[in-house]
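Accompanying notes for the structure given below.
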Amino acid sequence: MKVVLVNYGAGNIKSLQFALERLGVDGILSSDVAEIQEADKVIFPGVGEASSAMVKLKESRLDLVIPKLKQPVLGICLGMQLMCTHTEEGNTPGLGIFDVAVKRFDNNLKVPQMGWNTLEKIASPLFITLGSETYMYSVHSYYAGLCKETIAQTTYGIPYSCALQKDNFYGVQFHPEKSSKAGSQLLSNFLAL
Amino acid sequence: MLTKRIIPCLDIKDGRTVKGVNFVNLRDAGDPVELARQYAEQNADELVFLDISATEQKRKTLADLVRKVAQAIDIPFTVGGGISSVEDVAILLQNGADKVSINSAAVKRPELINELAAQFGSQCIVVAMDAKQIDKQWKVHLVGGKIPTEIDLFDWAKEVADRGAGEILFTSMDHDGTKAGFANEALARISEEVNIPIIASGGAGNTQHFIDTFTRGKADAALAASIFHFGEIAVPDLKQELKQQQIAVRI
């Protein structure tokens, strides 16, 4: 199986490669359009600031390529947020795959949310064998609200989408590569789709 | 519900783990990668590696260690110790560190926080601050707590948050190594005055100390070293007790 990690110069993807390695999979880092299109699975990572990440995506025209992919695609953290319609971070338009906007957490909360939080209302094969007592590690200041594409939610002040799905596109706000055995199970579930 | 985090801290010198009592007498407590793996297995929520070596090869030795740790464990970890430039941080993140912790370099040149936050995002920038009370005033100290400054702890906490730090790691020099509990009054005050997560450090001696720092101290996470390394408190036992006290933890 060929797994490609979309490389657009955004953030630390070493951890993700190591997590895939622990599952016996070699995650290939690539910004090459053909290589991404031919992959069996595509992971769209992202750590950092939204508007500069979107500029980098556009430079390599990946903003046009990603929404047309046919194989299972998993956006992680900022990757997931960029797959939404818009994010308040840097007032940035997104790829519009998920029909929901990304907003900043309210200032009466500590921002960023940093740490382990539970999954609620799980509804997707992405979470096979993972129950409601599952903890995932997140660090983020912005969140996608609840919408018809929500496949799991988490509460931090308010409930938000910690996972989204539309057709072959999946997105998770947390970092499965940093979420111990539960995260590893989720990655393994994604690879099995 | 977001849980409170338990963070073992591994002091590193020349690739080995050490821990000082009041930052002076160093004792060897094992191989960092093995210890890291053990803590991840025990459900520690995060790890902090603090490099206190001062050799010319430091940068490379640390980068190699970070890489080995990132390969071995699947929980987040922070690396600190002598980090003073954007380049230092880039190397550590590229090798698999999730966050970096800066201390003295931020005091000497606070703009560094803005630069790092702009380049890498606030989420990976922890500002560590060591402080002790002098005439009832909490003053920030440098170089592992050796050099006092005139900077007020609470002013500094607000400034680093404004400049884009994602988290504060506060060590009370008055409590560190005493095993008599965390500096909960100061911790609670920082939590009230800034809007980013706070890690309590210095003074952990028993389970009650953790309960107190999460309730009275309003800490989001608690860090300790020797009590974990020498097996005085096991992370799983600590978490079970915290859960029984209605404190949200990841079991």
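Those protein sequences? They're chains A and B, same order as listed. Each residue of the first sequence is one higher than the one before, counting from 1 in this note's numbering. Each residue of the second sequence is one higher than the one before, counting from 194 in this note's numbering. Where is the CB? At the ideal position from N, CA and C, for every residue including glycine. Here the structure is a predicted model, which means the values were calculated and not measured.
What did DSSP end up calling residue i once you bin it into helix, strand or coil?
i, result
"Pro45/A", "coil"
"Gln326/B", "strand"
"Cys202/B", "strand"
"Gly273/B", "strand"
"Lys375/B", "For clarity, residue 375/B is Phe in the given sequence; the question names Lys instead. Of the three classes helix, strand and coil, the one that applies to Phe375/B here is coil, per DSSP."
"Met366/B", "coil"
"Phe169/A", "strand"
"Gln225/B", "In the sequence as displayed, the identity of residue 225/B is Pro instead of Gln. It is helical."
"Lys253/B", "helix"
"Pro67/A", "helix"
"Ser51/A", "helix"
"His175/A", "coil"
"Glu360/B", "strand"
"Ile266/B", "coil"
"Met80/A", "helix"
"Ala237/B", "coil"
"Gly438/B", "The sequence shown places Gln at residue 438/B, rather than the Gly named in the question. Coil, per DSSP."
"Thr134/A", "coil"
"Phe347/B", "helix"
"Pro112/A", "coil"
"Phe127/A", "helix"
"Phe18/A", "helix"
"Thr155/A", "strand"
"Pro429/B", "helix"
"Ser180/A", "helix"
"Glu88/A", "coil"
"Asn117/A", "strand"
"Ser278/B", "coil"
Taking residue i as the reference, give the member of the options with the closest Cα.
i, options, result
"Ile284/B", "Lys14/A, Pro45/A, Gly46/A and Ile151/A", "Lys14/A"
"Tyr160/A", "Tyr143/A, Lys148/A and Gly171/A", "Tyr143/A"
"Ala324/B", "Gln312/B, Cys317/B and Leu346/B", "Leu346/B"
"Val353/B", "Ala379/B, Thr342/B, His368/B and Ala321/B", "Ala321/B"
"Arg382/B", "Thr406/B, Leu309/B, Val279/B and Gly374/B", "Thr406/B"
"Met1/A", "Ala19/A, Val100/A, Asp40/A and Lys58/A", "Asp40/A"
"Phe423/B", "Lys197/B, Tyr232/B, Asp207/B and Val241/B", "Tyr232/B"
"Lys197/B", "Tyr135/A, Glu88/A and Gly171/A", "Tyr135/A"
"Asp33/A", "Gln173/A, Phe105/A, Arg61/A and Phe18/A", "Strictly speaking, residue 33/A in this sequence is Val, with Asp absent from that position. That would be Arg61/A, whose Cα lies nearest to the Cα of Val33/A."
"Asn307/B", "Lys339/B, Gly357/B, Gly274/B and Ile295/B", "Gly357/B"
"Gln264/B", "Leu186/A, Asn189/A and Phe18/A", "Phe18/A"
"Ser246/B", "Leu228/B, Gly275/B and Lys261/B", "Gly275/B"
"Gly398/B", "Thr371/B, Arg302/B and Gln438/B", "Thr371/B"
"Lys329/B", "Asp367/B, Glu249/B, Asp204/B and Ala414/B", "Asp367/B"
"Ile158/A", "Ile28/A, Ser31/A, Ile122/A and Asn108/A", "Asn108/A"
"Lys141/B", "Asp224/B, Trp331/B and Gly338/B", "No statement about residue 141/B is possible, as the shown extent of chain B runs from 194 to 444 and does not include it."
"Ser138/A", "Gln173/A, Pro45/A, Thr129/A and Ala50/A", "Gln173/A"
"Ser277/B", "Val293/B, Lys436/B, Ile361/B and Asp204/B", "Val293/B"
Around the Cβ of residue i, are there at least 16 other Cβ atoms within 10 angstroms (buried) or fewer (exposed)?
i, result
"Pro176/A", "buried"
"Pro269/B", "buried"
"Asp267/B", "buried"
"Leu64/A", "exposed"
"Gln401/B", "exposed"
"Ser221/A", "Past the boundaries of the shown model lies residue 221/A; chain A is included only from 1 to 193, so the question cannot be answered."
"Asn91/A", "exposed"
"Ile444/B", "exposed"
"Glu38/A", "exposed"
"Glu89/A", "buried"
"Gly338/B", "buried"
"Gly183/A", "buried"
"Leu5/A", "buried"
Would residue i and residue j qualify as a contact pair, given that the criterion is a beta-carbon distance under 8 Å?
i, j, result
"Glu386/B", "Ala350/B", "yes"
"Phe363/B", "Ser394/B", "yes"
"Thr254/B", "Val300/B", "no"
"Met194/A", "Leu95/A", "Residue 194/A is absent from the model: chain A starts at 1 and stops at 193."
"Val102/A", "Gln71/A", "no"
"Val3/A", "Ile43/A", "yes"
"Ala418/B", "Leu380/B", "no"
"Gly410/B", "Ala373/B", "no"
"Ala427/B", "Phe375/B", "no"
"Ile66/A", "Val55/A", "no"
"Leu195/B", "Asn117/A", "yes"
"Ile404/B", "Gln438/B", "yes"
When you measure from the CB of residue i to every non-hydrogen atom of the ligand GTP, does any distance come out below 7 Å?
i, result
"Ser394/B", "For the ligand GTP, the structure offers nothing, since it holds no ligand at all."
Of all the residues that make up the stretch 162–186 of chain A, which are near chain B by a beta-carbon distance shorter than 8 Å?
Here the close residues are His175, Glu177, Lys178, Ser179, Ser180, Lys181, Gly183 and Ser184.
Within 8 Å of chain B by C-beta, residues of the stretch 42–73 of chain A in sequence order:
Within the stretch 42–73 of chain A, the qualifying residues are Val47, Gly48 and Glu49.
Cβ-based contacts, 7 Å cut-off: residues of the stretch 290–312 of chain B near chain A:
Per Cβ criterion, the list reads Asp291.
Short-range partners of chain B found in the stretch 108–130 of chain A, where Cβ spacing is below 7 Å:
For the stretch 108–130 of chain A, which is checked against every Cβ of chain B, the residues closer than 7 Å are Lys110, Val111, Pro112, Gln113, Met114, Gly115, Trp116, Asn117 and Thr118.
Residues in the stretch 195–215 of chain B having any Cβ partner in chain A nearer than 7 Å
Correct list: Leu195, Thr196 and Arg198.
Which residues, in order along the stretch 5–27 of chain A, keep a beta-carbon less than 9 Å from a beta-carbon of chain B?
If the cut-off is 9 Å between Cβ atoms, the stretch 5–27 of chain A has Gly11, Asn12, Lys14, Ser15, Gln17, Phe18, Ala19, Glu21 and Arg22 near chain B.
Using a Cβ cut-off of 7 Å, which residues of the stretch 247–280 of chain B contact any Cβ in chain A, in chain order?
In summary, the residues of the stretch 247–280 of chain B whose CB is separated from some CB of chain A by less than 7 Å are Ala263, Gln264, Asp267, Ile268 and Pro269, in the order they occur in the chain.
To be precise: take each residue of the stretch 358–385 of chain B, compare its Cβ to all Cβ atoms of chain A, and keep it if any distance is under 7 Å. Which residues remain?
Under the 7 Å Cβ criterion, the stretch 358–385 of chain B contributes Gly359 and Glu360.
If contact means a Cβ-Cβ distance below 9 Å, which residues of the stretch 135–148 of chain A contact chain B?
With the criterion set as a beta carbon lying under 9 Å from some beta carbon of chain B, the members of the stretch 135–148 of chain A are Tyr135, Tyr137, Ser138, Val139, His140 and Ser141, in sequence order.
Of all the residues that make up the stretch 399–423 of chain B, which are near chain A by a beta-carbon distance shorter than 8 Å?
So the close ones are Asp413 and Ala414.
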